[in-house]
Amino acid sequence: MNNSRPAYIDGRRVYIIDTGRTPFLKAQGKPGPFRASDLAVSVGKALLARQPFGPQALDELIIGCVIPGPDEVNIARLVALRLGCGKQMPAWTVQRNCGSGMQAIDSAAMSIAYDRADLVLAGGTEAMSHAPVLLPPQAVALLGDWRQARSSAEKLRLLARLRPAHFRPVFGLLQGLIDPVVNLSMGQTAEELARRFAISRQEMDAFSVESHRRLAHAEDQGWLGEIEPLYAPDGRVFDHDDGVRRDSSLERLARLKPAFDPPFGLVTAGNSAQVSDGAALLLLASARAVRQYKLPVLGRIIDCTWAGLEPAQMGLGPVHAMAPLLLRQRLTPAEIDYWEINEAFAAQVLACQAAWQSDAYAREELGLEQGFSAIPPERLNVDGGAVALGHPVGSSGARIVLHLLQILQRNGARRGLASLCIGGGQGGAMLLESGGENGHEQ
Amino acid sequence: MSSDNYSYRHWRSERDESGVVRLTLDRADSGTNSLSQEVLGELEQLLTVVEATPPRALVICSGKRSGFIAGADVNEFSAISSPAAALQLIRRGQEIMTRIEALPLPTIALIHGFCLGGGLELALACRYRIVSIDPSTRLGFPEIQLGIHPGFGGTLRSIRQVGPLTALEMMLTGRTLGAAQARKIGLVDFAVPERQLENALQGLLAKPPAIRQLPPAERMAGLALFRTPVALFLRRNVAKKADPRHYPAPYALIDLWRGFRGDAAANFTAEAGSVARLITTDSSRNLVRVFQLQERLKSLGKIDSGRPQAVHVVGGGVMGGDIAIWCALQGLTVTIQDLDKARLGQVVKRGQALFIRVLKERRAIEAALDRLLPDPAGHGVARADLVIEAIFENASAKQALFTKLEPQLRPGAILASNTSSIPLEELAECLQRPERLVGLHFFNPVDRMQLVEVVGMASSDPEVLARAAAFVLAIKRLPLPVRSSPGFLVNRVLMPYLLEAVTLVEEGVSPVVIDRAATGFGMPLGPVRLADAVGLDICLSVAGIFARHFATKVPARLQELVAAGRLGRKSGLGFYDYRGKESKASPGNSIPAEIGDRIMLRLLNEAVACRRERVVADSDLLDAGVIFGSGFAPFRGGPLQHIAAVGATTCVARLAELEQKHGSRFTPDPGWQELIRQQEKP
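Those protein sequence lines, which keep their order, are chains X and R.
Going by this note's numbering, 38 is the number at position 38 of the first sequence; the sequence numbering is gapless.
Going by this note's numbering, 1681 is the number at position 681 of the second sequence; the sequence numbering is gapless.
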């Protein structure tokens, strides 16, 4: 170990033992076949079934989830009990919007680093197709009065107050995708970045076509072994990401209308992340657990940083999170073998690349002398990203980490950096190394 | 709290400060409460005390976790020698219930768990009933399954409480009710969570609930004017399921109700007389025997050591999938392995359907599905306590699988095969440690067939066999230990019966006539229809294997049908046509006796051969296996019991006649001689 230092300072090492995820299923405009807890349980039980220890050997389970169902409040605890981890095992849920899955891994890593736990199952789950549809507040108020009404006359008066507006549903998902402070939808923040960095519609669409192409290629090559099939109670089996479009092309994408700033906007459904259902989990262990159960080590979690920025520019979160991480680890971009930046929007990833190497941005926004060397496109999101396979918000942070590890292993590479932007104006970044104790180190 | 001075073995009597007396039944000699003569005797004494110094209220409850009272003590039934003796016992029970009913104070039954038969009659003699809403709470009258009906005043009191339509339906079917249903029909006054039982009792004492009115339909059905048509309607329904010559009890119950008049004492006398007659019939005695055989099979699975928790099933076809589903339903963690993910999807789908049907409650269904893991890669093998192979019937495929599985097994794991036709010894050849291989032969459909044959070889480890039987009991099936030999017990006994039926078809006899001869004997399904249901291809393959071992002939007709793609119900066409609406062809009036004799005697002859060869340890186990594995007429008590009733000599004489006429397949097995000697002994 010459130029890297552990970030969980003075802490124990954190090993990745096993990973798995569900296929990401595109939301079809109505509740999909699996709830958020079903997704996490499904991948969790497949992952635990192949361990040399039982579910009860876990010390903790941490799940990132943005919109658990109304009956899944502390969804991690529900998942833990459904997995048979036992009533004694604590479990908790974290919520940092799009960063939730990564936050769960960070929290798990800290539990291990600081000797609070030896075996932790962590990750994210999200069933966006199950996001609640609500009544408008005035309708809820009327319902409240109705329940308290004593006489029929009173009830009749309340009925007379009913207006069509009372029946207009509020889509929880859409509400969640609007920044409450700057009052911009996530898509509109991407439009902001497109203007700031002069990103054209064609660049966005080209990026998206490439994302689909890369994912399809990875699928064909059998590089998505991380997927654990989902079995629906109606007998259907889902074993691949269903958002990928092999027929995606610039011409097709060009036909789509702007989704957020009509009629002149540039961001469309085609160059944005898809709305999907999915879960991704990682099994983390201390050296003690690795020895005790003779566990195979896939890699290590080295460091994680979180950063805040202007909410209207939330898409640049990765730049703000990755920069301090590299500085702290005294690493240069050239020492990172592979990169993942979650594709919330094509425009947003392109903007991150531009900001990353911009001296002006570095000076004005990051307080650095100069920008970083560019992230080579052939090293970034090499198997495609959320534009092609979807962005179940709570899970994506875990998915990019586990898939980055796959990429490192496949290429015999050492270091990877996974990052994502977070609605509300934050960014998160996580540094990984593949291999175990005696792999690439020392 | 104070106890009266008299000491009781089975009951506790306590009087609290408020003057409420609580009688707690906690049978000293059993884990389950039942109304034995001793229990009833003590209750009589307790009632004398209560009558002498009436408390503010009387509460009757159970000291057992498992439940309230399971009914009369069935083991005492066999001691009843005559209708007169039966009558005496029944009158005694009736009198006790009448004394409880007559107490001039509130009487309350506090019920959790099962409350069946005599237990429910006791609860109905109380003025009020409070039950726990726990899923384990079940109330009902299972007497009909023993060939009798309630006799401690339960017919009258249940009819008075919930009306004749509901009460008779309960008693005729033996169906048990959960707490919510029992509350809904008015059988009980309150159904509350267990934590509220005591509060409900106090609340009831403070403010007794009003007497419930019967719904209009129930009141009308009870009127003399409607009673005859209602009784006729009930008889017609019962006749669809039970032949009055074989099962007289339901008919007796309907007649009893029809004869009820305003005079309660006369009604009780009629009830007692009816049960006294029924309990001494052969039908009832054999049904009681079936119940006892069931308890015997259960006892074979009762061991303390190592009940499997994790089960791995290889093969996602109908049998493998259904075994996995059943295990998950019964609380085990199950991995099911198959290369074909679509088949695994179908397993999950069938599982969901069964879980919904059985469990009903959403959380329980979800938990059962969570326990069932499709495992295409077979990761579950290394963690399983029991690995069950259920792939297609091919010895070398199974051996190849075992060779792959064995090194992955954990040290204490049991390896099982669901084979029905390949000798276990042959499969064991490929194993390093053959002593941990057992056969677990499930029957199709797994969720309805209670029996599982636990197949052992000479080289099997007895502890492994015991643990396999414990597993079978743990998943609420009945384990039957059998020796590894072709067909084991059930298929071996059934096969000649099926083949004889096919031979009869070849001779030109209509399948309807053959099946009617079998159902007339009391079989649940005729042999031709059974062959269609099993699948003619499977029948043919099993028949082929039998032909190798027992020098039987495979009927040409079977081969022709299979060659023509007529595989039975699953292909829509077999001996019968299943494609359209089922036709109800009439077999005509008279069925020649020889048809029934030919199919049944071949079955009996094979049963005698199995007994002689010790395929199972004793005659009782043989009867049990054939009844629970094939549905053999329960009221006849099993093939050997039936032979004893008819007389072994008579059977052999008839076999010899048939042998003259039809050849060697009717040659009486040498085993008959021993049966004849036994019967000749005084």
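Built from N, CA and C at the ideal position, the CB exists for glycine as well.
Would residue i pass as a contact of residue j if the rule is Cβ separation under 8 Å?
| i | j | result |
| --- | --- | --- |
| R/Ile1323 | R/Val1446 | yes |
| R/Asp1532 | R/Phe1575 | yes |
| X/Ala108 | X/Ile67 | no |
| X/Pro311 | X/Val182 | yes |
| R/Leu1604 | R/Pro1639 | yes |
| X/Gly316 | X/Ala273 | According to the sequence as given, residue 316 of chain X is Leu; it is not Gly. No, they are not a contact pair. |
| X/Glu340 | X/Asn381 | yes |
| R/Pro1193 | R/Ile1133 | yes |
| R/Gln1352 | R/Leu1369 | yes |
| R/Leu1409 | X/Tyr231 | no |
| X/Leu39 | X/Gly20 | no |
| X/Ala141 | X/Asp59 | no |
With residue i as the anchor, note down where its alpha helix (DSSP H) starts and where it stops.
| i | result |
| --- | --- |
| X/Val14 | Counting along the chain, X/Val14 falls outside any alpha helix (DSSP H), and DSSP gives it neither H nor E. |
| R/Trp1326 | Val1318 to Leu1329 |
| R/Ser1034 | Neither: R/Ser1034 is in no alpha helix (DSSP H) and is coded neither H nor E. |
| R/Tyr1497 | Val1490 to Glu1506 |
| X/Met314 | Where X/Met314 is concerned, there is no enclosing alpha helix (DSSP H), given that its DSSP letter is neither H nor E. |
Grab me the residues of residue i's own chain with a C-beta within less than 8 Å of its C-beta, minus the 5 sequence neighbours each way, in chain order.
| i | result |
| --- | --- |
| X/Arg213 | Ser248 and Gly384 |
| R/Thr1228 | Arg1258 |
Compute the Euclidean distance between the alpha carbons of residue i and residue j, then round it to the nearest angstrom.
| i | j | result |
| --- | --- | --- |
| X/Ala206 | X/Leu309 | 28 Å |
| X/Leu431 | R/Ala1364 | 42 Å |
| R/Phe1233 | R/Gly1331 | 41 Å |
| X/Leu256 | X/Arg415 | 38 Å |
| X/Gln148 | X/Ala76 | 36 Å |
| R/Gly1071 | R/Gln1045 | 20 Å |
| R/Ala1518 | R/Leu1558 | 20 Å |
| R/Glu1425 | R/Leu1431 | 10 Å |
| R/Ala1180 | R/Leu1204 | 18 Å |
| X/Thr22 | R/Gly1315 | 24 Å |
| X/Gly424 | X/Asp179 | 6 Å |
| R/Gly1117 | R/Cys1126 | 15 Å |
| R/Ile1211 | R/Ile1185 | 13 Å |
| R/Arg1015 | R/Val1021 | 4 Å |
| R/Leu1225 | R/Asp1255 | 15 Å |
| R/Val1626 | R/Leu1480 | 10 Å |
| R/Val1290 | R/His1010 | 28 Å |
Can you give me the start and stop residues for the beta strand (DSSP E) that residue i sits inside?
| i | result |
| --- | --- |
| R/His1246 | Careful: R/His1246 lies outside any beta strand (DSSP E) and carries neither H nor E. |
| X/Ala279 | Ser276 to Ala285 |
| R/Leu1437 | Leu1437 to Phe1442 |
| R/Pro1374 | Leu1372 to Pro1374 |
| X/Ile227 | First-last for X/Ile227: undefined, no H or E at that position. |
Could you name the residues of the same chain whose beta carbon sits closer than 7 Å to that of residue i, not counting the 5 residues immediately before and after it, in chain order?
| i | result |
| --- | --- |
| X/Pro31 | Ser129 and His130 |
| R/Arg1296 | Asp1620 and Ala1624 |
| R/Gly1154 | Leu1120, Glu1121, Leu1124 and Phe1141 |
| R/Cys1539 | Leu1498, Ala1531 and Leu1558 |
| X/Ala104 | Ile62, Ile63, Gly64, Val94, Ala122, Gly123, Gly124 and Ala398 |
| R/Glu1435 | Ser1459, Ser1460, Asp1461 and Val1464 |
| R/Lys1298 | Leu1473 and Leu1478 |
Check whether the Cβ of residue i lies closer than 7 Å to any heavy atom of the ligand SAM, and answer yes or no.
| i | result |
| --- | --- |
| R/Gln1196 | With respect to small molecules bound, the structure shown includes none, and the ligand SAM cannot be examined in it. |
At a Cβ threshold of 8 Å, is residue i touching chain B?
| i | result |
| --- | --- |
| R/Gly1151 | Among the chains of the structure shown, chain B does not appear; the protein chains present are X and R. |
Take residue i and list the residues in its own chain whose beta-carbon comes closer than 6 Å to its own, dropping the five residues that flank it on each side.
| i | result |
| --- | --- |
| R/Leu1498 | Pro1527 and Ala1531 |
| X/Gly86 | Gln56 |
| R/Ser1188 | With the sequence shown as reference, residue 1188 of chain R is identified as Val, and Ser is not the correct amino acid for it. If we look at R/Val1188 and ignore the five residues flanking it on each side, its Cβ neighbours are Arg1129, Val1131 and Ala1182. |
| R/Gln1641 | Asp1623 |
| R/Ser1274 | Ala1252 and Leu1256 |
| R/Thr1333 | Ala1310 and Arg1371 |
query = Which ranges does the alpha helix (DSSP H) cover as unbroken runs of at least 4 residues, wholly within the region 1080-1105 of chain R, from first to last along the chain?
reply = 1083-1102
Ignoring anything shorter than 4 residues, give me the alpha helix (DSSP H) runs that lie fully in the region 1180-1252 of chain R, in order along the chain. Counting whole runs of 4 or more residues, the region 1180-1252 of chain R contains the alpha helix (DSSP H) stretches 1197-1206, 1216-1222 and 1224-1241.
Continuous alpha helix (DSSP H) assignments of at least 4 residues falling wholly in the region 50-101 of chain X: 75-82
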